[in-house]
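Note that the sequence shown ends on residue 549 in the working numbering; no numbers are left out.
Comments concern the structure below.
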Amino acid sequence: MSIYTSQEISSLLHYSMPLPSPSSPKVLIQIPSFVFALIGFIMLWVALATPAWQVTFARELLQWVQNGLWITCQTRPNGMYTCTWMFSQSDFDFYSSPDVSHYRTPAFYQWQRTLLHIFLSVQVSVLIALISFCVSNSSNVQKSAVIVFTVFMTIATLTSFTLLVAFLVLSHMVEYRFYTVSVSGIYEKHIGYSFYLALVASIFFLISVAFSIVYLIRILGDSSASGGLQRMAKGHQSQSTAYTHNSRDDYRMATSNDVLDPTFSFQVASAASILLANFFVFIGVITPAWQIAEDLDANRYVQSGLWSYCQTGAQCWYIFSDNLINYYEKVDVCRFLLIGDCRKKLLRTPYFFGWHYAVLTLLLISMAFGMMAVVSSLIGIFKPMKLRITTIIYDVCVFMAWLLLTIGLAVFMINAEMLESKYLIGIKNTFEKTYGYSFYLAGLGMLILTFSMMIGVILTTMIFFTRGGNAAENAYLEQQREKEDYMATQRSQMATTQYYAPSKNTLPRGDLLSVDVRSVSPTSTAFLPHSPGTHGRFIPVDRGTDTFTPTTRHFYSY
């Protein structure tokens, strides 16, 4: 039977059960990612379980009315709640049941069911990600588990934000925005705390995705960077003299097969994606098809844009020259009633509102930030010494471009569902407007900017948090140090070189003049005192003193 000492037992326990250090990437990056995902998971369940997605106060009944995705609650005058929920379309149909015809049933719409079902799929995706975190503790499947966590959390985050935007748009539509009690009692619904809980949960999901991407790149970059740096070091040692005259950009091209490839590729991809996004947004801005409608009374096709208003077979109005606009914003009743003077005015002239100016300004500023991000990315490509600062500028600019573009599209969608903007007033009838290709082009640009932000996160992680991520700068600095060492060696050798300095008696002036110059060959040194190593050195001039000053070089020839 083997007997182990206390030191051996402690070493075995330490080997068999390793604990992460407080400064390890797992503690600093992966565990916070899991914590944020778990908090968002819980908060989203609370948001789905509560009814306060749309809230209004009916003054006639002295009741608070809360509409959720699957439940609607009302407060009694004495403060008690009464709630109604639905799980299918036939849950509560008072039209076909005379026993409950005196009940006032809330309305549940198909889009509420759809959003609820997709939110539940988001929760399933987050649950799979949380399970993969537990599996990642096994070293055999750590990389695969981290990839699964990142992928499912990214899907959940993008889907959650998309659902929140869809809820904002649908809840601001005319048919879902108001709560009707009587002919005179129409109350507008507002966003409640349940929506904001879902928004905070989505933000936590986004933070979790950022941490998980950093941790994933850290894991994948450590092994590849170490191998690439070893190969680069060997190649740099064998070709150090060949690169002493090259610039850093030449070194980047010479070592493009190593760890510089991912950084360079991500830089090019980021610049190209933002240019593509700006192209789509620019086409969307200059075209008028943001809202389209077909006027059957006049047999015309109408396109309403951010700054232009065009009709088939007629002229186009421009926001910069039309002096008949903004009449409708001065008359509050025109926002809800399309009769009388409002109808006549809408029928006679196209209309631009203040939010048209706001959306146009936001999109132009967004494109400006996009171009700044492209310029910073190109500077980082051609000036790698400034790679870190250009990456930071790129991240800030691309985030601002995405944020302003998203806000602009959200403002447009909300206001486009308002009554005065949603319908086209014809000669006899009213026609509903729909979204045109210009709006969808701008939306496509926003999606491309989202991927540009993800590329920026990956690029920032590679440069600042992975070993060898900034290998181009390190290689250039090493090259400069080698140049300095080489120049220092040359200066030291030149300082230790002793020039031949004869005195005035060593080479008499008369002996030099007595030599027949025509008999001396160009390489002959018969007239000079013999000294080893004098070939190619300074030939001093005799000053008649014991010292000399080498000021020029004399060549003796025919």
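A virtual CB, placed ideally from N, CA and C, is assigned to each residue, including glycine.
Contact set for residue 122: own chain, Cβ-Cβ below 8 Å, skip 5 residues either direction: Translated into the one-based positions of the sequence shown, residue 122 becomes position 131. Cβ neighbours of residue 122 beyond the five flanking positions: none.
Assigned secondary structure, residue 172 (DSSP; H/G/I helix, E/B strand, else coil): On the sequence shown, position 181 is the one that residue 172 refers to. Here residue 172 sits in coil by DSSP.
Selection from 297, 171, 50 that minimises the alpha carbon distance to residue 578: Outside the displayed range of the chain (-8 to 549) lies residue 578, so it cannot be described from this structure.
C-beta atoms of residue 433 and residue 395 nearer than 8 Å: Against the sequence shown, residue 433 aligns to sequence position 442. Against the sequence shown, residue 395 aligns to sequence position 404. Going by C-beta atoms, residue 433 is not nearer than 8 Å to residue 395.
Pairwise C-alpha distance: residue 106 and residue 100: As a first step, residue 100 is located in the sequence shown; it is residue number 109 there, counting from the start. As a first step, residue 106 is located in the sequence shown; it is residue number 115 there, counting from the start. Rounded to whole angstroms, residue 100 to residue 106 spans 10 Å at the Cα level.
Identified DSSP bridge partners for residue 423: In the sequence shown, residue 423 corresponds to position 432, counting from 1. 414.
Local conformation of residue 50 per DSSP, three classes: The count along the sequence shown starts at 1 and reaches residue 50 at position 59. Three-state DSSP puts residue 50 in coil, outside helix and strand.
First and last residue of the uninterrupted alpha helix (DSSP H) at residue 132: Counting from one through the sequence shown, the residue named residue 132 turns up at place 141. Careful: residue 132 lies outside any alpha helix (DSSP H) and carries neither H nor E.
Three-state class that DSSP yields for residue 288 in the structure shown: Counted from its first residue, the sequence shown places residue 288 at position 297. Coil.
Whole-Å CB distance - residue 360 paired with residue 388, under 8 Å assumed: Here residue 360 is taken as the residue at index 369 of the sequence shown, counted from 1. Here residue 388 is taken as the residue at index 397 of the sequence shown, counted from 1. Confirmed, Cβ separation roughly 5 Å.
Whole-angstrom distance between residue 430 and residue 300, CA atom to CA atom: Position 309 of the sequence shown, counted from the first residue, corresponds to residue 300. Position 439 of the sequence shown, counted from the first residue, corresponds to residue 430. About 14 Å.
Cβ neighbour criterion (16 or more within 10 Å) applied to residue 176: Stepping through the sequence shown from its first residue, residue 176 is reached at position 185. Exposed, since its Cβ has fewer than 16 Cβ neighbours within 10 Å.
Straight-line Cα distance separating residue 74 from residue 366: Position 375 of the sequence shown, counting from 1, holds the residue named residue 366. Position 83 of the sequence shown, counting from 1, holds the residue named residue 74. Going from the Cα of residue 366 to the Cα of residue 74 covers about 56 Å.
Contact the segment 264 to 277 vs the segment 407 to 424: 3+ CB pairs below 8 Å: no
Three CB pairs or more closer than 8 Å across the segment 197 to 206 and the segment 50 to 58: no
N- and C-terminal bounds of the beta strand (DSSP E) containing residue 299: For the purposes of this step, residue 299 is taken as residue 308 along the sequence shown, with counting starting at 1. Note, residue 299: beta strand (DSSP E), 299 to 302.
Bridge partners - residue 74, DSSP secondary structure assignment: Start at 1 with the first residue of the sequence shown, and residue 74 comes out as number 83. Answer is 64, bridged to residue 74.
Beta-carbon proximity of residue 165 to residue 410, cut-off 8 Å: Start at 1 with the first residue of the sequence shown, and residue 165 comes out as number 174. Start at 1 with the first residue of the sequence shown, and residue 410 comes out as number 419. Yes, these two residues count as a Cβ contact at 8 Å.
Cβ-Cβ distance between residue 143 and residue 162 below 8 Å: Reading the sequence shown from its first residue, position 152 is the one you call residue 143. Reading the sequence shown from its first residue, position 171 is the one you call residue 162. No, they are not a contact pair.
DSSP bridge partner residues for residue 295 (one or two, in chain order): As a working mapping, residue 295 is identified with position 304 in the sequence shown. In DSSP, residue 295 forms a bridge with 282, 300.
Through-space distance from residue 269 to residue 438, alpha-carbon basis: Start at 1 with the first residue of the sequence shown, and residue 438 comes out as number 447. Start at 1 with the first residue of the sequence shown, and residue 269 comes out as number 278. Between residue 438 and residue 269, the C-alpha separation is close to 11 Å.
Residue 163 (DSSP reduced to helix, strand or coil): Counting from 1 along the sequence shown, the entry for residue 163 is found at position 172. In the structure shown, residue 163 sits in coil (DSSP, three-state: anything other than H, G, I, E or B).
Beta-carbon spacing of residue 200, residue 145 below 8 Å: Your numbering for residue 200 matches position 209 in the sequence shown. Your numbering for residue 145 matches position 154 in the sequence shown. Cβ distance < 8 Å, so residue 200 and residue 145 count as in contact.
Nearest neighbour of residue 66, chosen from 60, 77, 47 [CA to CA]: Counted from its first residue, the sequence shown places residue 66 at position 75. Looking at 60, 77, 47, the one whose alpha-carbon comes closest to that of residue 66 is 47.
Pairwise C-alpha distance: residue 420 and residue 308: For the purposes of this step, residue 308 is identified with residue 317 of the sequence shown, where counting begins at 1. For the purposes of this step, residue 420 is identified with residue 429 of the sequence shown, where counting begins at 1. Spanning the two alpha carbons is a distance of roughly 22 Å.
C-alpha gap between residue 351 and residue 402, whole angstroms: For the purposes of this step, residue 351 is taken as residue 360 along the sequence shown, with counting starting at 1. For the purposes of this step, residue 402 is taken as residue 411 along the sequence shown, with counting starting at 1. Going from the Cα of residue 351 to the Cα of residue 402 covers about 11 Å.
Sheet register partners of residue 406 (DSSP bridge): Indexing the sequence shown from 1 puts residue 406 at position 415. Partner(s): none; residue 406 has no beta bridge.
DSSP bridge partner residues for residue 56 (one or two, in chain order): Taking the sequence shown and counting its residues from 1, one reaches residue 56 at position 65. Paired residue(s): 47, 65.
Residue 385 classed as buried or exposed, judged by whether at least 16 other C-beta atoms fall within 10 angstroms: Along the sequence shown, one-based indexing puts residue 385 at 394. Residue 385 is buried by the Cβ-count criterion.
Per-residue burial, residue 58 [other beta carbons within 10 Å of its own, 16 or more giving buried]: For the purposes of this step, residue 58 is taken as residue 67 along the sequence shown, with counting starting at 1. Under this definition residue 58 is a buried residue.
Residues of its chain near residue 154, where Cβ-Cβ distance is below 7 Å and the 5 sequence neighbours each way are ignored: Indexing the sequence shown from 1 puts residue 154 at position 163. Taken in chain order, the residues that qualify are 106, 109, 110.
Straight-line Cα distance separating residue 62 from residue 114: Within the sequence shown, residue 114 is the residue found at index 123, counting from 1. Within the sequence shown, residue 62 is the residue found at index 71, counting from 1. Going by the C-alpha atoms only, they are around 19 Å apart.
Supposed close pair residue 40, residue 196 - CB separation, criterion 8 Å: Within the sequence shown, numbered from 1, the residue matching residue 40 stands at position 49. Within the sequence shown, numbered from 1, the residue matching residue 196 stands at position 205. Incorrect: roughly 18 Å between the Cβ atoms, too far for contact.
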